[in-house]
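K.L.:
Just remember that this note's numbering sits 310 ahead of the position in the sequence shown, which is counted from 1.
Structure below; questions to follow.
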Amino acid sequence: MKRMVGRSAVEVLGLGVAVLLPTLLAAQTGPDERVVVGIVEQFRQAASEWPQLFRPWAEMLLAALLTLEGYLSWADWQTRQIGMERMVGEAVRKLGVIALVWAFFINPLLGPDQVIALFRNIAGTVAGVRDPGALPGDLVLQGFALADVLLRAANQAIAELMTAWWEISRNLIEQGAVEEGFLGVGVLVAHLHALRILAATVLLEAVFAVLVVGVGVVVLEAGFAFIALQVVLVEIEAILLIGFGVFFAGFASFRVTAGMTEAYLKQAFVLGLRLFLTLPLAALGVKMADFWSNNLLAGVTRRTLRPEVVIDGRPVRLAIEVVYMNPITVVLVLISVCFYVYLVWAFPARYASKIADVRLNLAAAVAGKAA
C-alpha cells in the first residue's frame, strides 16, 4: 500500500511539474481552464474505440480458456466420480457465473464504465457540481483568483508604504528638521532619514510580508493546480481502465486466471470510490475560496504610527499612516490551504482501497467450489 501511494505521488508530482510551469509563466495573461478540461477529453476520445478493438481478442481468449476449464472440470468430475445430475448442475453453475461476468462487461447498461459513472454522478450531485468534467478548470481559476487577491493586497500595502516614505520626507522638510539645501540635496537626506524611520518601525515587517506573499502566491497557484491535476489523474486512470475492461473479461472463464478479472473489477471499484471521494473534497476548495479570500483581505489594515526621532539633536514627532499587511494572517491561510491540498491528495487514495478491500472469490465460483 505504501509503495502504491508513493508511486501515485510521483506520478502526480511529475504531471504537476509538466503542467504547472507553463501555467505559472502564463499568470500575467490569466489561465485558460479549457486546457485542463481538454486533457481528459483527449484521453476519452483516444480510448473510446478500445473496447471494440479488444472485444475480438477477448472472445478468442474466453473461448480458449473456457475449453481449458472444460477439460479440467471433466477430469475433476471423473476423479470425484460424481453422478450425471450433479455434473450437470456444476456445469450449469459454472457457465452461469462466466456468462454473468461476460454480460456485465459487454452490456452497455452495466460494466465498469457505468459503475464509475454512477460514482461520479453521485459525487457531483453531492458536491453541487453541475459538470464534474469542468471542476479541474474551476480549481485552476480559483487558485489564480486567490493569488490575485493576495497580490492586490500586497501591492496596496507596498504602494501605501511608498506613499508613507514620501510623506515622512515632506514632513521632515516642513518641520525644518532637514534643510532643502542646494540642488535638492536636503530632499535626498530627508528620504534617507525617512527610510531609517521606516526601518525602525514597519519596514522589516513589510519585507517579511512581501516574502510571505511571494511564497503564498506559489502555494495558492500550485496547490489548486495540484488538486486539479489530482482530479484529472483519477479521471484519466478511470478512462484507461475502462478501455481495457473487455479484454479482462475473457480471463473469467478459467479458474486459474479468474483472479485477474476479479482484481480488475476491484480496481474499477477503487477508482469509482476515489472519484466519489475526490470530487466533493475538491469542490470544497471552490466553496471555501471566499472564506480564504476574506481572511486575506482582513489581513490588510491601516495603522497610524507616531514615532519620535532625533535628527541632528532635534526631536521630531511624526504621524505616519500606513497600510499594514499582517503576515501571520497570510501564513494561517496558507497552512489551511496546504492542509486542504494534503486532504484531497491523501484521503481518497487511502480510504478507497480500504473500503474496496473485498473478495469476490470468482476463481472459486468458476471452479465450482464453495466461497
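Every residue, glycine too, gets a C-beta built ideally from N, C-alpha and C.
Determine the direct distance from the alpha carbon of Pro-637 to that of Phe-518, and round the result to whole angstroms.
P.N.:
Looking up residue 518 in the sequence shown gives position 208. Looking up residue 637 in the sequence shown gives position 327. Taking the straight line from one Cα to the other gives about 7 Å.
K.L.:
Using the three-state DSSP reduction, which class does Ser-646 fall into: helix, strand or coil?
P.N.:
For the purposes of this step, residue 646 is taken as residue 336 along the sequence shown, with counting starting at 1. Residue state, collapsed to three classes: helix.
K.L.:
Can you tell me whether Asp-667 is buried or exposed, with buried defined as 16 or more other CB within 10 angstroms of its CB?
P.N.:
The residue you call residue 667 lines up with position 357 of the sequence shown. Flag for Asp-667 reads exposed.
K.L.:
Alpha carbon to alpha carbon, what distance is there between Glu-359 and Val-411?
P.N.:
Indexing the sequence shown from 1 puts residue 411 at position 101. Indexing the sequence shown from 1 puts residue 359 at position 49. Val-411 and Glu-359: Cα-Cα distance of roughly 21 Å.
K.L.:
When burial is assigned at 16 or more other CB atoms within 10 Å of the CB, is Met-314 buried or exposed?
P.N.:
On the sequence shown, position 4 is the one that residue 314 refers to. Confidence at Met-314 is low in this model, with a pLDDT of 42, below 50, so the placement of that residue is unreliable and no value is reported for it.
K.L.:
By a C-beta neighbour count over all protein chains shown, 10 Å radius and 16 as the cutoff for buried, is Trp-476 buried or exposed?
P.N.:
On the sequence shown, position 166 is the one that residue 476 refers to. Under this definition Trp-476 is an exposed residue.
K.L.:
Measure the C-alpha to C-alpha separation of Ala-385 and Asp-441 and round it to an integer number of angstroms.
P.N.:
Counting from 1 along the sequence shown, the entry for residue 385 is found at position 75. Counting from 1 along the sequence shown, the entry for residue 441 is found at position 131. Rounded to whole angstroms, Ala-385 to Asp-441 spans 55 Å at the Cα level.
K.L.:
With H, G and I counted as helix, E and B as strand and the rest as coil, what does DSSP make of Val-459?
P.N.:
Here residue 459 corresponds to residue number 149 of the sequence shown, with the count starting at 1. If DSSP states are grouped into helix, strand and coil, Val-459 belongs with the helices.
K.L.:
Determine, using beta-carbon pairs with one atom in the segment 540-550 and one in the segment 558-573, whether at least three such pairs fall under 8 Å.
P.N.:
Cβ pair count under 8 Å is below three, so no.
K.L.:
For Arg-440, name the three-state secondary structure that DSSP assigns.
P.N.:
Translated into positions along the sequence shown, residue 440 becomes position 130. Note: Arg-440 maps to coil in three-state DSSP.
K.L.:
Going by C-alpha distance, which of Phe-415, Asp-600 and Gly-555 is nearest Val-459?
P.N.:
The sequence position of residue 459 within the sequence shown is 149, counting from 1. The option with the nearest alpha carbon to Val-459 is Asp-600.
K.L.:
Report yes if the CB atom of Gly-453 is closer than 8 Å to the CB atom of Leu-530, and no otherwise.
P.N.:
Along the sequence shown, read from residue 1 onward, the residue named residue 453 stands at position 143. Along the sequence shown, read from residue 1 onward, the residue named residue 530 stands at position 220. Going by C-beta atoms, Gly-453 is nearer than 8 Å to Leu-530.
K.L.:
So, does the segment 634-654 touch the segment 600-611, judging by three or more C-beta pairs under 8 Å?
P.N.:
Touching, per the Cβ criterion.
K.L.:
Buried or exposed for Gly-393, please, with buried defined as at least 16 other CB atoms from any protein chain shown within 10 angstroms of its CB.
P.N.:
On the sequence shown, residue 393 is found 83 positions in, with the first residue counted as 1. Answer is exposed; the Cβ neighbour count stays below 16.
K.L.:
Could you spell out where the alpha helix (DSSP H) holding Gly-582 opens and where it closes?
P.N.:
One-based indexing of the sequence shown puts residue 582 at position 272. Note, Gly-582: alpha helix (DSSP H), 568-608.
K.L.:
Would Val-425 be called buried (16 or more neighbouring beta carbons within 10 Å of its own) or exposed?
P.N.:
Here residue 425 is taken as the residue at index 115 of the sequence shown, counted from 1. The residue in question, Val-425, is buried, as its Cβ has 16 or more Cβ neighbours within 10 Å.
K.L.:
Based on Cα-Cα distance, which residue from Phe-415, Val-541 and Glu-369 lies nearest to Trp-448?
P.N.:
By one-based count along the sequence shown, residue 448 stands at place 138. Here residue 448 turns out to be Asp, not Trp, going by the sequence shown. Nearest C-alpha to Asp-448: Val-541.
K.L.:
Please confirm if the segment 375-383 is in contact with the segment 520-527, defined as three or more CB-CB distances below 8 Å between the two stretches.
P.N.:
Touching, no.
K.L.:
When the distance is taken between beta carbons, is Ile-432 closer than 8 Å to Phe-586?
P.N.:
Counting from 1 along the sequence shown, the entry for residue 586 is found at position 276. Counting from 1 along the sequence shown, the entry for residue 432 is found at position 122. Yes, the Cβ-Cβ distance between Phe-586 and Ile-432 is below 8 Å.
K.L.:
Taking a contact to mean a Cβ-Cβ separation below 8 Å, would you say Phe-564 touches Tyr-574 in this structure?
P.N.:
Position 254 of the sequence shown, counting from 1, holds the residue named residue 564. Position 264 of the sequence shown, counting from 1, holds the residue named residue 574. For Phe-564 and Tyr-574, no; Cβs fall outside 8 Å.
K.L.:
Taking the C-alpha atoms as reference points, what is the distance between Tyr-652 and Val-407?
P.N.:
As a first step, residue 652 is located in the sequence shown; it is residue number 342 there, counting from the start. As a first step, residue 407 is located in the sequence shown; it is residue number 97 there, counting from the start. Near 42 Å, if we compare the C-alpha coordinates of Val-407 and Tyr-652.
K.L.:
Identify whether Pro-366 lies in helix, strand or coil by the three-state DSSP scheme.
P.N.:
The residue given as residue 366 occupies position 56 in the sequence shown. Of the three classes helix, strand and coil, the one that applies to Pro-366 here is helix, per DSSP.
K.L.:
Which residues mark the beginning and the end of the alpha helix (DSSP H) in which Ala-401 is found?
P.N.:
Here residue 401 refers to the residue found at position 91 of the sequence shown. That run of the alpha helix (DSSP H) goes 394-416.
K.L.:
Just the C-alpha distance for Ala-457 and Leu-551, rounded to the nearest angstrom, thanks.
P.N.:
Along the sequence shown, one-based indexing puts residue 457 at 147. Along the sequence shown, one-based indexing puts residue 551 at 241. For Ala-457 and Leu-551, the distance between alpha carbons rounds to 36 Å.
K.L.:
Under 8 Å by Cβ, that's how I've got Ala-593 and Val-439 pegged, so tell me the actual separation to the nearest angstrom.
P.N.:
For the purposes of this step, residue 593 is taken as residue 283 along the sequence shown, with counting starting at 1. For the purposes of this step, residue 439 is taken as residue 129 along the sequence shown, with counting starting at 1. Sure, about 5 Å apart at Cβ, within 8 Å.
K.L.:
From Ala-427 to Gly-553, what distance separates their C-alpha atoms?
P.N.:
Position 117 of the sequence shown, counting from 1, holds the residue named residue 427. Position 243 of the sequence shown, counting from 1, holds the residue named residue 553. Cα to Cα, Ala-427 sits roughly 14 Å from Gly-553.
K.L.:
Report back the beta-carbon spacing between Trp-602 and Val-647 to the nearest angstrom; my notes put them in contact at under 8 Å.
P.N.:
Along the sequence shown, read from residue 1 onward, the residue named residue 602 stands at position 292. Along the sequence shown, read from residue 1 onward, the residue named residue 647 stands at position 337. Yes, Trp-602 and Val-647 are in contact; Cβ-Cβ is about 7 Å, under 8 Å.
K.L.:
Using DSSP with H/G/I as helix, E/B as strand and the rest coil, what is Leu-420?
P.N.:
Locating residue 420 in the sequence shown gives position 110, where the first residue counts as 1. In the structure shown, Leu-420 sits in coil (DSSP, three-state: anything other than H, G, I, E or B).
K.L.:
For Gly-340, count the other beta carbons within 10 Å of its own beta carbon; 16 or more makes it buried, fewer makes it exposed. Which is it?
P.N.:
Indexing the sequence shown from 1 puts residue 340 at position 30. A caution first: Gly-340 carries a pLDDT of 49, below 50, which makes its placement in the model unreliable, though a value can still be read off. That one is exposed.
K.L.:
Taking the alpha-carbon of Glu-631 as reference, which of Leu-471, Ala-562 and Ala-538 has the nearest alpha-carbon?
P.N.:
Residue numbering aside, residue 631 sits at position 321 when the sequence shown is read from its first letter. Looking at the Cα atoms, Leu-471 is the closest of the given residues.
K.L.:
I'd like to check one pair, Ala-464 with Met-598: are the Cβ atoms closer than 8 Å?
P.N.:
Locating residue 598 in the sequence shown gives position 288, counting from the first residue. Locating residue 464 in the sequence shown gives position 154, counting from the first residue. Their beta carbons are not under 8 Å apart, which means Met-598 does not touch Ala-464 by this criterion.
K.L.:
How about Gly-595 and Tyr-661: are their beta carbons less than 8 Å apart?
P.N.:
Taking the sequence shown and counting its residues from 1, the one referred to as residue 595 is at position 285. Taking the sequence shown and counting its residues from 1, the one referred to as residue 661 is at position 351. No, these two residues do not count as a Cβ contact at 8 Å.
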